[in-house]
Amino acid sequence: MYCPYCRNPDSRVVDSRLADDGSAIRRRRQCPECGRRFSTVETTSLSVIKRSGAGEPFSRSKIINGVRKACQGRPVTEDDLALLAQEVEETVRASGVAEIDAHEVGLAILQPLRKLDQIAYLRFASVYQGFESLEDFEEAIDTLRRQAKDNERIPSGVQRPLTAQ
Ligand SMILES: [Zn+2]
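Printed below as a string of structure tokens:
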């Protein structure tokens, strides 16, 4: 790897430590040429398998672009989108697999998007889960209403039990 300051093709590791609960290694490197230090992060590569069977590297920007369309006209900031993509990546990496179905990535998006913006969630879910009728929307909205009620009943700070999708 080239030194980002002087492009020297060599560097020396001065420190390594586990990051993100052991799913990554962060290395502090020093350039022997200019003496400056920089960090690298090593993670397992994560492939997303598309419906065609082709794989491509997991990409946060792809998540963001997909969700951004559903968020048009909604009070959702770029920071919100970046955080959501980070949460999605943490969720799929936590499963510990090297390959993940594109469908699973979509499922991992639904949960944090529902918390972020309910309209964007409905838009995304309607495309992603292939809503075909008003009944599909009604069902999704009923689920949102039920969850809003559950949230009211349980005081904040208390862990909520996992509910079925
Ligand atoms: Zn250098």
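In the working numbering, the protein residues as written are 1188 to 1352. Even for Gly, the Cβ is constructed at its ideal location relative to N, Cα and C. Since we're looking at a predicted model, the values are computed, not measured.
Check: Rounded to the nearest angstrom, what separates Lys1237 and Asp1197 at their Cα positions?; Outcome: 37 angstroms
Check: Val1235 lies in the beta strand (DSSP E); which residues open and close that run?; Outcome: 1234–1236
Check: Work out the CA separation of Ile1251 and Gly1320 for me, nearest whole Å.; Outcome: For the sequence presented, residue 1320 should be read as Ser rather than Gly. Distance between the alpha carbons of Ser1320 and Ile1251: 27 angstroms.
Check: So for Gln1352, helix, strand or coil by DSSP?; Outcome: Any reading at Gln1352 needs caution, since the residue's pLDDT is 49, under 50, leaving its predicted position unreliable; the model's value is listed next. Residue state, collapsed to three classes: coil.
Check: Hey, Val1201 and Val1292 are a contact pair by Cβ (cut 8 angstroms); roughly how many whole angstroms apart?; Outcome: With 8 angstroms as the limit, Val1201 and Val1292 do not qualify as a contact, their Cβ atoms being about 36 angstroms apart.
Check: Apart from the five residues just before and just after Ala1295, which ones in its own chain have a Cβ nearer than 6 angstroms to its Cβ?; Outcome: Val1275, Thr1278, Val1279
Check: Whose CA, out of Leu1233, Glu1220, Ala1206, Leu1300, lies closest to the CA of Leu1270?; Outcome: Leu1300
Check: Following the continuous alpha helix (DSSP H) through Ala1307, name the residue where it begins and the one where it ends.; Outcome: 1305–1315
Check: Given this structure, state the Cα-to-Cα distance separating Asp1207 from Ser1226, to the nearest angstrom.; Outcome: 15 angstroms
Check: Grouping DSSP H, G and I as helix and E and B as strand, with all else coil, what is Thr1230?; Outcome: strand
Check: Sorry if obvious, but does the Cβ on Cys1258 come closer than 7 angstroms to a heavy atom of ligand 1?; Outcome: no
Check: Assess contact between the stretch 1211–1227 and the stretch 1238–1245, defined as three or more Cβ pairs (one per stretch) separated by less than 8 angstroms. Is contact present?; Outcome: no
Check: One question on the structure: do Glu1220 and Cys1193 come within less than 8 angstroms of each other, judged by their Cβ atoms?; Outcome: yes
Check: Any residues whose CB sits closer than 5 angstroms to a heavy atom of ligand 1? List them in chain order?; Outcome: Cys1190, Tyr1192, Cys1193, Asn1195, Cys1218, Glu1220, Cys1221
Check: Using C-beta distances below 6 angstroms, list every residue in its chain close to Val1228, excluding the 5 sequence neighbours before and after it, in chain order.; Outcome: Ala1211, Arg1213
Check: Using beta-carbon positions only, say whether Ile1306 and Arg1261 come within less than 8 angstroms of one another.; Outcome: yes
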